[in-house]
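**Student:**
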Amino acid sequence: MLKQHFSQFQTFAGTRRVLALVLSLGLLLTACSKLNNKKTDSQISAHQTTDEAGRTITVPDTVTRFISLAPSLTEIVYAIGAGDGLVGRTSYCTYPAEAQKVEAVGDTLKPSIERIIALRPQIVFVSTASQLEAFTNELEVHHIAVYVTDSHDLEGVFHSIERIADVLGKRPQADELLKQLRGRVSAVAEKVGSRPPVRVFYQVSDEPLYTIGREAFITDLIKRAGGVSVTADIPGAWPKYSAESALAAKPDAIILPTGGSMGDANSNVASALKRSPAVANGRVYKINDDHLSRPGPRAVDGLEDLARALHPEAFNQ
Amino acid sequence: MTISSSTEIVPKHRILRGIDGTRATFKKTLFVCALLFAALVLIILVMSLLGSEKLPAQASLCALLTFGKSSCGLTGDQDAILFDIRLPRILLGAAVGGSLAVAGASYQSLLRNPLAEPYLLGISNGAAVGTMIALVFMGAHEWSRPLMAFSGALIATLVVYRLAQGRTGATPERLILAGVIVTTFLSSAIVFVTTLMDATRIRSFTFWLLGDLSGSTAKLLWLALFIAISGTLVLAAHARSLNLLMLGERDAFDLGVEVSRVRLIVFIVASLLVGSSVASSGSVGYVGLVVPHLVRLSLGSDNRITVPAAAICGAIFVVVADTIARTIIAPRELPVGAITALIGAPLFVYLLRRR
Chain A
458 MLKQHFSQFQ
468 TFAGTRRVLA
478 LVLSLGLLLT
488 ACSKLNNKKT
498 DSQISAHQTT
508 DEAGRTITVP
518 DTVTRFISLA
528 PSLTEIVYAI
538 GAGDGLVGRT
548 SYCTYPAEAQ
558 KVEAVGDTLK
568 PSIERIIALR
578 PQIVFVSTAS
588 QLEAFTNELE
598 VHHIAVYVTD
608 SHDLEGVFHS
618 IERIADVLGK
628 RPQADELLKQ
638 LRGRVSAVAE
648 KVGSRPPVRV
658 FYQVSDEPLY
668 TIGREAFITD
678 LIKRAGGVSV
688 TADIPGAWPK
698 YSAESALAAK
708 PDAIILPTGG
718 SMGDANSNVA
728 SALKRSPAVA
738 NGRVYKINDD
748 HLSRPGPRAV
758 DGLEDLARAL
768 HPEAFNQ
Chain B
0 MTISSSTEIV
10 PKHRILRGID
20 GTRATFKKTL
30 FVCALLFAAL
40 VLIILVMSLL
50 GSEKLPAQAS
60 LCALLTFGKS
70 SCGLTGDQDA
80 ILFDIRLPRI
90 LLGAAVGGSL
100 AVAGASYQSL
110 LRNPLAEPYL
120 LGISNGAAVG
130 TMIALVFMGA
140 HEWSRPLMAF
150 SGALIATLVV
160 YRLAQGRTGA
170 TPERLILAGV
180 IVTTFLSSAI
190 VFVTTLMDAT
200 RIRSFTFWLL
210 GDLSGSTAKL
220 LWLALFIAIS
230 GTLVLAAHAR
240 SLNLLMLGER
250 DAFDLGVEVS
260 RVRLIVFIVA
270 SLLVGSSVAS
280 SGSVGYVGLV
290 VPHLVRLSLG
300 SDNRITVPAA
310 AICGAIFVVV
320 ADTIARTIIA
330 PRELPVGAIT
340 ALIGAPLFVY
350 LLRRR
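As you go down the protein sequences, you meet chains A and B in turn. Here the first sequence is numbered in the working numbering, starting from 458 and rising by one per residue. Here the second sequence is numbered in the working numbering, starting from 0 and rising by one per residue.
1) Taking one C-beta from the region 666-676 of chain A and one from the region 615-627 of chain A each time, how about it: are there three or more such pairs within less than 8 Å?
2) If you run the structure through DSSP and keep just helix, strand and coil, what is histidine 504 of chain A?
3) Contact defined as beta carbons within less than 8 Å: I believe alanine 308 of chain B pairs with leucine 35 of chain B. What is the distance between those atoms, to the nearest angstrom?
4) Can you look up phenylalanine 66 of chain B in the DSSP assignment and give me helix, strand or coil?
5) Where in the region 569-594 of chain A do unbroken runs of the alpha helix (DSSP H), each at least 4 residues long, occur, reported from the N-terminal end onward?
6) Spell out whether any CB of chain A is found under 8 Å from the CB atom of aspartate 78 of chain B.
7) Nearest CA to the CA of threonine 715 of chain A: which residue from A/Thr688, A/Gln637, A/Asn745, A/Glu633?
8) List the endpoints of the continuous beta strand (DSSP E) containing valine 655 of chain A.
9) Leucine 704 of chain A touches chain B at which residues, Cβ-Cβ below 7 Å?
10) Under 9 Å, CB to CB, which of the residues in the region 642-671 of chain A have a partner in chain B?
11) Going by C-alpha to C-alpha distance, which of B/Trp207, B/Gln107, B/Ala58, B/Gly274 sits closest to glycine 129 of chain B?
12) So what does DSSP say about leucine 341 of chain B, is it helix, strand or coil?
13) Is the CB of phenylalanine 206 of chain B under 8 Å away from at least one CB in chain A?
14) What residue range is occupied by the uninterrupted beta strand (DSSP E) comprising isoleucine 669 of chain A?
15) Proline 517 of chain A bridges to which residues according to DSSP?
16) Give me the Cβ distance between threonine 339 of chain B and alanine 320 of chain B, rounded to the nearest whole Å; I'm assuming they're in contact under 8 Å.
17) Determine which residues of the region 318-349 of chain B have a Cβ less than 9 Å from any Cβ of chain A, and write them out in chain order.
18) Could you spell out the range, first to last residue, of the alpha helix (DSSP H) harbouring threonine 170 of chain B?
19) Report yes or no: is there a C-beta of chain B within less than 8 Å of the C-beta of arginine 732 of chain A?
20) Less than 8 Å separating the beta-carbons of glycine 542 of chain A and threonine 515 of chain A?
21) In the DSSP assignment, find the unbroken beta strand (DSSP E) run with valine 603 of chain A in it and report its ends.
22) Under 8 Å between the Cβ atoms of serine 51 of chain B and serine 59 of chain B?
23) So the candidates are B/Leu29, B/Ile180, B/Gln77, B/Leu263; which of them puts its Cα closest to the Cα of leucine 119 of chain B?
24) With a threshold of 7 Å on Cβ separation, who are the neighbours of asparagine 493 of chain A within its own chain once the five nearest residues in sequence on each side are excluded?
25) Residues in its own chain within less than 8 Å of glycine 343 of chain B by CB, not counting five upstream and five downstream?
26) Check glycine 299 of chain B in the structure and name its three-state DSSP category.
27) So what's lysine 26 of chain B in DSSP terms, helix, strand or just coil?
28) Output the distance between the C-alpha atoms of alanine 689 of chain A and threonine 668 of chain A, rounded to the nearest integer angstrom.
29) Which residue from B/Ile315, B/Thr326, B/Ile122 puts its Cα closest to that of serine 186 of chain B?
30) Starting from phenylalanine 772 of chain A, follow the alpha helix (DSSP H) in both directions and report where the run begins and ends.
31) Sort out for me which residues DSSP pairs leucine 543 of chain A with in a bridge.
32) Which residues, in order along the region 49-63 of chain B, keep a beta-carbon less than 8 Å from a beta-carbon of chain A?
33) With distances taken between CB atoms, is the gap from leucine 713 of chain A to asparagine 723 of chain A smaller than 8 Å?
34) Given leucine 576 of chain A, which residues of its chain have a CB within under 6 Å of its CB, disregarding the five upstream and five downstream residues?
35) Taking isoleucine 580 of chain A as the reference, give the member of A/Lys567, A/Thr606, A/Val757 with the closest Cα.
36) How long is the line joining the alpha carbons of glycine 210 of chain B and valine 318 of chain B, rounded to whole angstroms?
What follows is the structure, encoded as C-alpha cells:
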C-alpha cells in the first residue's frame, strides 16, 4: 500500500519535472522568437496601409518574402515580375509554369498555417475575406501581414494589380502591364461596343444549378464583351439559381466555363436550359475556366474569349 | 433517467388492446389514409402553383387536372416549367418525405426508441458516404448512386444495431450512443472524401449534404417513387408485428412474431427507403423524427395506421418545406434540409415538453 503510494508519488514528481522542463523550454522559445522579432522589426522599417477589405495593415517597406493563397494573385505576382520573392503558393496555383517550383502550402480553403509560418513570409496575399479571421489573427501574432484583395469588376482587378505592385515595389512594371491590358480591353470595346448586347446565361455548375450574381467580376466581363448576364441583378457572387427561372430567362447564349483546372466538369448544359434559344441556335460556348474564374491578368484573355463567342462577326472582318 | 422511461413508446395495455378488432382498424385506416391522401393531392396542386416564376393559376390548374393533355392556354415554356421542372421536383419531395417518415416510424417501433431516426442514427450519413463514393469513383454509372446509397445505409444500420447490443440487449441509451458514434465517424469519412474532390465541386456537395431537391433526374424520380410506395406497403403489411415488437423482442416472440425475420425485413426496406431518398436529394433531416411523432400524437400508436399515415404526412411535410426553400429568396434557392430542420427542431422540442 505504502509502496504503491510512494511509486505514485514518484511518477507524479516525474511528470512534474517533465512539465517544468517543457514550460521552461517554451518560455525560452518565446523569448527567442520575441528577440528575433525585435531584431527584424528594427532592421526593416514598415508603414501602414489599407487593404481592399478595408483593414489597416503594417507592411514592411521592402518585401522580399511573401506567399500567395490564390491562383489569381500568383498570376498577378508573376505578371509584374515579382515572382522571385514568392516563397509559398496553393496547390491550385499552377500558372505560370515557374510557380509550380514554389513550395505549396495547401489549398485555398485550408492552407497549412504551420508551413506558412515556417516559410517566414513578411506578407501573405489572400483573395477573399471568407474564413479569414482566425487565420489572420494567428499570422499577425507572428508579425506576418495579411493583404486581402476584393475585386468585383475588371477595374477592381486592375486596382488589385496596382496595390499589390505598390506593396512589392513593382509599380513601374504594373503600369506597363496595365497599359497593355487596358489597350486590349479598349480594342474589345471598339469591336463590340456598338453591337446589340447578347443575353447570356453563365453556368457555373449544372447540378445543382449555380450561376453568377451582381458581385461576380465575370458579370462585368460579360458586359464589356458585348453581352448582358441574365442574372446580373441577383445578390451575391455565386448564387444557386432556380431551374424554372433559368428556363424563363430564355438566354440567347450560354457560357460553360470548363477545361483548365476544372477538367471536363461542367461541360453539359443544365437540363432546364435545353429549351433555351441558346441551345436551339447552337450558341453554347465552352471557355477555359482559368481565364474566367481568376481575377488576375488573364481575365483579359477571358474577356477576349467571351467577346469572340458573343460577337464572332466582329472579329471576322 | 428520462430516456429509459420513454422506452415504451406506448403503454403495454394499449398495444394489447390494439391487437383486437382488426376490422374496425382496417376501416379506420382506410378512412384516415384516404383523407390524408386527398390532403396530399390538394397540397401538391396548390404547391404546383407557387414557384420563382409566376404561372397563370387557372390555366396551370386546368393543365394539371388534365395531366398535361390539354395545354389550357399555357405557353410552351410555361408548360415546361410546370411539367418538366416544378412537378417532378414536388413528386420527388413527396417520395423523399414519405420514405424518410416511414423509415423513421418503423425504426422507432422496431428499436423501441422514440429518438430512432435515419439522420440521428447515422443511417443517412451511411447512405451519403455511399453516394459520394459512387460520385467520386464511379461517376459514369447511372445506377451506382442509389445502389451505393442503399449499401451505405444498410451497413450503417447493421453497425449501429450491433454496437447497440449489450450483454443485456439493446438499451435506448446504447442505441443513441451507437448512432452518435457512427454519425461522427461517417461525418469524418465525408470530410475525407470531399478533400479528394475538385475545389469547384465542394460547394455543390455541401449544398447536397444539407438536403437538396433541385438536382432531380427523371430516372431517380421514378425509382424514388417506386421504392417509397412499395416500401410503405411492405412495412404496413408488417405493422401488426411491429405493434407486438413495441412490447419487446422477447414478448413479441412469445406472441408468435418471427422476430429475426421481421427485423431483417425492416432493416432492408428502411435502408432502401433511406438510400433512395439520400441518393436523389442528400440528407434531409428531422422528417423521420417529427412526422411519426406528430402522427402518433394525433392518430394513436397502432402501426397499422401510423405507418401509412406517416408516409403521407412525411410527403406533405417535405413538399411544403421545399416550396418554402425554392420560393422564399427566389430566384435563388435554399437547401430543403435547412427548412425541415428549422421547422422540425422547434416542433420536436414542443412535442417533448407537451408530453
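Glycine included, every Cβ here is placed at the ideal spot set by N, Cα and C.
**Tutor:** The relevant details are as follows:
1) no
2) strand
3) 6 Å
4) coil
5) 570-575
6) no
7) A/Asn745
8) 655-659
9) Asp76, Ala79, Ile80, Ile84
10) Val661, Ser662, Asp663, Glu664, Pro665, Leu666, Tyr667, Gly670
11) B/Gly274
12) helix
13) yes
14) It is not in any beta strand (DSSP E) - isoleucine 669 of chain A carries neither H nor E in the DSSP assignment.
15) A/Ala503
16) 5 Å
17) Arg325, Thr326, Ile328, Ala329, Pro330, Arg331, Glu332, Leu333, Pro334
18) Neither: threonine 170 of chain B is in no alpha helix (DSSP H) and is coded neither H nor E.
19) yes
20) no
21) 602-605
22) no
23) B/Ile180
24) Low per-residue confidence applies at asparagine 493 of chain A: pLDDT is 49, beneath 50, and the placement is therefore not dependable, though the value from the model is reported in the following sentence. Taken in chain order, the list of residues that qualify is empty.
25) Gly284, Tyr285, Val286, Leu288, Val289
26) coil
27) helix
28) 10 Å
29) B/Ile122
30) 769-772
31) A/Phe523
32) Gly50, Ser51, Glu52
33) yes
34) Val544, Gly545
35) A/Thr606
36) 13 Å
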